[in-house]
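The structure appears below as structure tokens.
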Amino acid sequence: MTLDTAFRATEVLIALAFLQQSAEFMLRSGVERAIFAVRIVACLALLIGAQTELALLVLVVISLWMLHRFQGPYNGGSDRMSLLILWCLTLAKWMPTLFWQEVIFGYLAFQLTLSYFISGRVKIVNPEWRSGRALRDVFAFSAYPVSENLRQLSTRPRLLWAASWAVILFEVVFPLALLNQTLLIAALCIGASFHLSNAIFFGLNRFVWIWVAAYPSLLWFQGRVFGDVF
360 MTLDTAFRAT
370 EVLIALAFLQ
380 QSAEFMLRSG
390 VERAIFAVRI
400 VACLALLIGA
410 QTELALLVLV
420 VISLWMLHRF
430 QGPYNGGSDR
440 MSLLILWCLT
450 LAKWMPTLFW
460 QEVIFGYLAF
470 QLTLSYFISG
480 RVKIVNPEWR
490 SGRALRDVFA
500 FSAYPVSENL
510 RQLSTRPRLL
520 WAASWAVILF
530 EVVFPLALLN
540 QTLLIAALCI
550 GASFHLSNAI
560 FFGLNRFVWI
570 WVAAYPSLLW
580 FQGRVFGDVF
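Read in this note's numbering, the sequence shown has 563 at position 204, and its numbers run on one by one without any break.
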């Protein structure tokens, strides 16, 4: 994947992610509704490829307003990833030289890889994750499951043990996927499926679009730095 193609794919995907995030604010009134209406217009400009550098700057300014308004990221991890992608993409697009464009976009790819690896490392040293109890508690007690029927999964410890280790192993070995393009594509498909399952089971729908929006940077980075090692 070329750098320009990765830029364009990221613009489209982050626009879709921000449109989803902004829709809920259309039910409000006053300043918030007006600002998020502007955010939607900027996202539509990104989608059609019109004045993309200006649209990104508008989104950056709005992101600063959101950090002030909500005293930090509005929705935790998904908003932190949103800020990372937006700022890296904007800085890369406005850099005057190819060298700095690649450095900044490569940083985004590195942070995406690190997000999976660190998440897996945290889980693998946690005995509750290794035993499957962490997932059992999520299904049994938390407010996350979108259906009460899903809570019945808490009575299937072997299934949840296997699911826990599947998530742990995927996240821990994810960096190895950079060694081969086919392997990376497979890993990203698994990652997207993982985020989609979280949206279905737990209602964490913000994570789907925004994590996928960072995938083009990784596809470009793998080809640019590693190629196919094997």
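Where a beta carbon is used, it is the ideal one built from N, C-alpha and C, also for glycine. Quick caveat, the model's predicted, so the values are computed rather than measured.
Note on geometry: alpha-carbon atoms of Ser478 and Leu467 lie some 17 Å from one another. DSSP places Ala396 inside the alpha helix (DSSP H), whose first and last residues are Val390 to Ile407. Per DSSP, the continuous alpha helix (DSSP H) segment holding Thr449 begins and ends at Gly436 to Trp453.
Gln430 carries a coil assignment under DSSP once its states are collapsed to helix, strand and coil.
Here Ala572 is not near Ala382, since their CB atoms are 7 Å or more apart.
Under the three-state reduction of DSSP output, Gly465 falls in the helix class. Of the candidates Ser576, Arg583, Ala522 and Gln581, the residue whose Cα lies closest to the Cα of Leu372 is Ser576.
Contact check for Ile421 against Cys447 fails: the beta carbons are separated by 7 Å or more.
For the segment 518-582, not one full-length beta strand (DSSP E) segment reaches 3 residues or more.
DSSP places Val497 inside the alpha helix (DSSP H), whose first and last residues are Arg492 to Phe500. Counted as a single uninterrupted DSSP element, the alpha helix (DSSP H) harbouring Glu370 occupies residues Leu362 to Ala382.
Around the CB of Trp568, 16 or more other CB atoms lie within 10 Å, so the residue is classed as buried.
Leu473 and Ala414 have their alpha carbons spaced roughly 28 Å apart.
Between the alpha carbons of Val397 and Phe476 lies a gap of roughly 36 Å. Between the alpha carbons of Ala393 and Leu416 lies a gap of roughly 17 Å.
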